[in-house]
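K.L.:
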Amino acid sequence: MKKFASDMLDYIYKSPTRYNATENAAEILEENGYRKLELNSIWNLEKGGKYYTTKNSSALIAFRVNSDDIEKDGFRIIGSHTDSPNFRIKPNAEMVSEGAYLKLNTEGYGGMILSTWLDRPLAIAGRVFTKGENPFRPSEKIININKPICIIPNLAIHMNRSVNDGYKYNKQTDMLPLMSLTGEDFKKEGYLKNLVAEEMGVTAEDIIDYDLYLYEYEKGCFTGVDEEFLSMGRLDNLSMFYSSLRAILSSESEKGVSLAVGFDNEEVGSSTKQGADSNLLLNIMERICLSLGKNREEFFSAVENSFIISADLAHAVHPNVNRMADPTNRPVMGKGPVIKIHAGQAYTSDGYSISVYKEICKSAGVDYQEFVNRSDERGGSTIGPISSTHIEIPSVDIGAPILSMHSIRELGCVSDFYDTYKSFIKFYEI
């Protein structure tokens, strides 16, 4: 259990953006015999084959062909997402303040708890494009400038006496990261591009564009008297993505197709070509069937015989603010994965899919809990209901319970992550 959590901690730290997460996941898969398929090539799949493909360098689909009878056994799918809330660096980002400070102009991605980003050393990661042989195929490189080169400083309490009474942070004015001091020979134009170019070993003129983001430089850690907790960023939702990858590698099955998908852009609505609100997964499933010689009727039969676990983290009852939880459904850390339920279908779980997952947990020897929002509070959603609008497959929304969701540093429980992983293995093997 501790080894699994430690490996997950390392993976998440090496994956500060969805691009890094996808690249690192691909490396893990290839080390375990998975072969990459290009979306613009003809696929020739075979029984027993292990494959993966990516979209936009930020979404990944891994699958293993266990049998020839896909139309009978269907797909066993675990869906998650690779993105997390953070700050994106804007074009022409350099800003000079008071003739002395260099700041970066940024914009928020997803729903962050802004105050948690203050006074923390920040690094930069993402992807950079340089000129390629074809204008439609620029060269792409995933980078990680793993150095504490930015910080967003708080305003001293002496100048903001009411900060502890509640303060509304403005993303455009309060949350800009300080990067450097400006000296006599300082030139702000191209400062960031020159820094990136030096990191890549190219010239600034080689760089066409980039998708760069800030992340917390300090690595996550175990905490608690018995090191029972994990404190780190991006648990939502790289913990579930990593768990699904490890489960597909660890499981053994002779039925259908085992598939794990990490979509992008869940934190901003999923309505992208690499998000759950696209036909990405549906198209992949159809291509798998066609490549294995199945016709359209057999493809539709395979769909009807499939099941999806939509894996995204859940809210544990907060020990200091327990009034925000439902009166009778109160998941806590350390008691296993949480089944998420909502009458308005913000989660896809229903009586049928919940029953399936409960039986899986029982077979895996794993306890489970249930989460429902307070009836007078609006909750969140995830990829489950969005995917269901494209693929009519029974789906259950589950996840390990955590605290501080969408903080720069979230808090989860080692045993919950491990138990969720165990349920994923059993799901693939039953």
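Residues 53 to 482, numbered by the numbering used here, are exactly what the sequence shown covers, in order.
Even for Gly, the Cβ is constructed at its ideal location relative to N, Cα and C.
The model shown is predicted, which means the values in this text are computed figures rather than measured ones.
1) Could you tell me the alpha carbon to alpha carbon distance between SER291 and ASN222, rounded to whole angstroms?
2) Run through DSSP, which three-state label would LEU290 get?
3) Looking at the secondary structure, which residues open and close the alpha helix (DSSP H) in which VAL418 lies?
4) Terminal residues of the continuous beta strand (DSSP E) containing ASP62?
5) Going straight from the alpha carbon of ILE482 to that of HIS458, what length do you get?
6) Could you tell me which of GLY285, ASP471 and ALA249 sits nearest to ILE49, measuring between CA atoms?
7) Buried or exposed, going by whether 16 or more other CB atoms sit within 10 Å of the CB of TYR219?
8) With H, G and I counted as helix, E and B as strand and the rest as coil, what does DSSP make of TYR470?
9) Could you say if the stretch 185–196 and the stretch 111–122 meet the contact criterion of at least three C-beta pairs nearer than 8 Å?
10) Might you give, ordered along the chain, the residues of its own chain that have their beta carbon closer than 7 Å to the beta carbon of VAL148, omitting 5 neighbours on each side?
11) Please return the same chain residues whose Cβ sits closer than 7 Å to the Cβ of THR324, not counting the five positions on each side in sequence.
12) Quick check on this structure: which residue in ASN289, MET385, ASP471 and ARG382 has the alpha carbon closest to the alpha carbon of SER433?
13) Please identify the residue among ALA249, ILE130 and ILE259 whose C-alpha is closest to the C-alpha of PRO190.
14) Whole angstroms are fine: how far does the CA of ALA256 sit from the CA of ASN96?
15) Can the beta-carbon of TYR18 be found less than 8 Å from the beta-carbon of SER305?
16) Hey, out of MET337, HIS442, LYS271 and ILE450, whose CA is closest to HIS394's CA?
17) If we ignore side chains and look at the alpha-carbon of each, how far apart do ASP471 and PHE281 end up?
18) Which residues in the same chain as VAL320 place their Cβ atom closer than 7 Å to its Cβ, once the five residues preceding and following it in sequence are excluded?
19) Look at the alpha carbon of TYR71 and the alpha carbon of GLY178, and state the distance between them as a whole number of angstroms.
20) Provide the residue span of the alpha helix (DSSP H) that contains ARG339, from first to last.
21) Okay, do the stretch 336–343 and the stretch 419–431 touch, 3+ Cβ pairs below 8 Å being the bar?
22) What is the rounded straight-line gap between the Cα of ILE130 and the Cα of PHE359?
23) Please classify VAL355 as buried or exposed, where buried requires at least 16 other C-beta atoms within 10 Å of its C-beta.
24) In the DSSP output, which residue or residues are listed as bridge partners for GLY464?
25) Check ILE209 in the structure and name its three-state DSSP category.
P.N.:
According to the data block:
1) 30 Å
2) helix
3) Where VAL418 is concerned, there is no enclosing alpha helix (DSSP H), given that its DSSP letter is neither H nor E.
4) No beta strand (DSSP E) holds ASP62; the alpha helix (DSSP H) holding it covers 54–65.
5) 34 Å
6) It is not possible to answer for residue 49, since the shown part of the chain is limited to 53 through 482.
7) exposed
8) helix
9) no
10) LEU154, THR234 and LYS240
11) ASP316, ASN317 and SER330
12) ASN289
13) ILE259
14) 41 Å
15) Residue 18 is absent from the structure shown; the chain starts at 53 and stops at 482.
16) ILE450
17) 14 Å
18) TYR161 and GLY162
19) 6 Å
20) 332–343
21) no
22) 9 Å
23) buried
24) LEU282 and ILE454
25) helix
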